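Visitor:
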Amino acid sequence: MFTEYLRPASVEEAFATLQKSGESARLVGGGTDLTVHPPADVTTLVDLSRAGLGGITADDAGFHIGASTTLTEVLDYEPFADIWSGVLPTMFAQVASPLHRNAASIGGHLARGRLSDVVPVLLAIDAKISLYDGAHHQMPLTDFYSTRRHRTRMVVTGVHLDRDTGRAAFRKFARTTYDLAILNVACAIRLEADVLSWARVVVGERPALAVVMSEASSALVGHRLDAETIDQAAKQAMESVEVRSDPRASADYRRHLTEVLVRRCLAETAGDEVYA
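With the numbering used here, letter number 171 in the sequence shown gets 294, and the count goes up by one each step, no holes.
#1: Jot down the residue ranges of each uninterrupted alpha helix (DSSP H) in the stretch 240 to 283, minimum 4 residues, whole runs only, in chain order.
#2: Determine the closest residue to Thr180 out of Glu146, Thr192 and Met277, with distance taken between C-alpha atoms.
#3: Quick check: the Cα distance between Arg274 and Pro243, rounded to an integer number of angstroms?
#4: Check for me: the alpha helix (DSSP H) holding Leu222 runs from which residue to which?
#5: Considering only their Cβ atoms, is the gap separating Val134 from Tyr255 smaller than 8 Å?
#6: Could you check whether Leu343 and Leu319 sit closer than 8 Å to each other, using their CB atoms as the reference points?
#7: Can you grab the Cα-Cα spacing for the pair Gly185 / Ser228, in whole Å?
#8: Are the stretch 132 to 149 and the stretch 165 to 174 touching, with three or more C-beta to C-beta distances below 8 Å?
#9: Look at the alpha carbon of Ala174 and the alpha carbon of Arg130, and state the distance between them as a whole number of angstroms.
#10: For Phe293 and Thr158, what's the separation of their Cα atoms in angstroms?
#11: Is the beta carbon of Cys388 less than 8 Å from the beta carbon of Val334?
#12: Checking 8 Å against the spacing of the C-beta atoms, do Arg367 and Ala357 come in under that value?
#13: What residues match up with Tyr301 in a beta bridge as DSSP calls it?
#14: Report the start-end ranges of each alpha helix (DSSP H) in the stretch 289 to 349 that is 4 residues or longer and not cut off at the edges.
#15: When DSSP builds the beta bridges, which residues end up paired with Asp170?
#16: Specify the secondary structure class of His187 as computed by DSSP and reduced to three states.
#17: For the putative contact between Leu380 and Leu306, defined by C-beta atoms under 8 Å, what is the C-beta separation to the nearest angstrom?
#18: How would you call His160, buried or exposed, if buried means at least 16 neighbouring beta carbons within 10 angstroms?
#19: Between Leu281 and His187, how many whole angstroms is the CB-CB distance? I'm expecting something under 8 Å.
#20: I believe Thr265 touches Asn225 by the beta-carbon criterion, under 8 Å. Please report the beta-carbon distance rounded to the nearest angstrom.
#21: If you reduce the DSSP assignment to three classes, tell me which class Ala372 lands in.
#22: Evaluate Asp78 with the Cβ neighbour count: other Cβ atoms within 10 Å of its Cβ, from every protein chain shown; 16 or more gives buried, anything less gives exposed.
#23: Find out if the Cβ-Cβ distance for the pair Val385, Cys310 is shorter than 8 Å.
#24: Is the CB-CB distance between Tyr301 and Ala372 below 8 Å?
#25: May I have the straight-line CA-CA distance separating Phe125 from Gln355, to the nearest angstrom?
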């Protein structure tokens, strides 16, 4: 039961409050997760809305999205239509409902990690996450999850996107428009003289934290993005992905979806409508 609601005026104050209150405290971004699944052992809520973490800024190096920025604000930020094939607005428009997007924060999605369409895309386009744990840090989002930093006591302060981009695509499979994905896939590529110089394929909602398919990604580099290359990468992803069953879908079905959605994602980045 919540008995204390605090609104610190800075990131430093928010982290100090979190440390002082221990496991009985939780940070609040948009609050969409806490209202649906309120933890029984949490008594203190630390609201980040006054900590100066909102908004999107741009400079020569790229874009910084503050952790308190809502999904709707990111969706409506016009410059994102011009990077990574417009994959950001494409993806954000598919996240839950407009009511959810108006409240949910990007920092909350990143801190939770699971049950997210946002995380696979940001992993695919090599985003960097900023956080505060007594000092300010920035690291690749891939490292944030692989080292399990998202499980530690810290405050997510934002996410950084470089201006140096390539092509990207996002696909999800869900029962309804507003439903959680049964499986989602994001892919991003860079080409030099029609040959893949860099590639990343990510599979999410396995149902577990999104994961970079390292073997499938590496197998793409050095090849032309044609039908044969796409088919091989899709099969590689299907064979190596770790999935499991839950009430929404079986592991076998998710494995099949992996091949289908990876193929469609890569075909979209190639500008090929064969598998779209």
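We put the beta carbon where it would ideally sit given N, CA and C, even for glycine. Since we're looking at a predicted model, the values are computed, not measured.
Guide: Answer, in terms of the structure:
#1: 241 to 247 and 264 to 269
#2: Thr192
#3: Near 18 Å, if we compare the C-alpha coordinates of Pro243 and Arg274.
#4: Pro221 to Ala226
#5: yes
#6: Closer than 8 Å, so yes.
#7: 20 Å
#8: yes
#9: 8 Å
#10: 28 Å
#11: no
#12: no
#13: Tyr301 pairs with nothing; no bridge assigned.
#14: 337 to 343
#15: In the DSSP assignment, Asp170 is bridged to Val151.
#16: strand
#17: 4 Å
#18: exposed
#19: The question names Leu, but residue 281 in the sequence shown is Gly. With a Cβ gap of about 5 Å, Gly281 and His187 count as contacting.
#20: Beta-carbon to beta-carbon, Thr265 and Asn225 are separated by about 29 Å, too far to satisfy the 8 Å threshold.
#21: strand
#22: Limits of the chain in this structure are 124 at one end and 399 at the other, which puts residue 78 out of reach.
#23: yes
#24: It is not a contact, given that the beta carbons lie outside the stated cut-off.
#25: 51 Å
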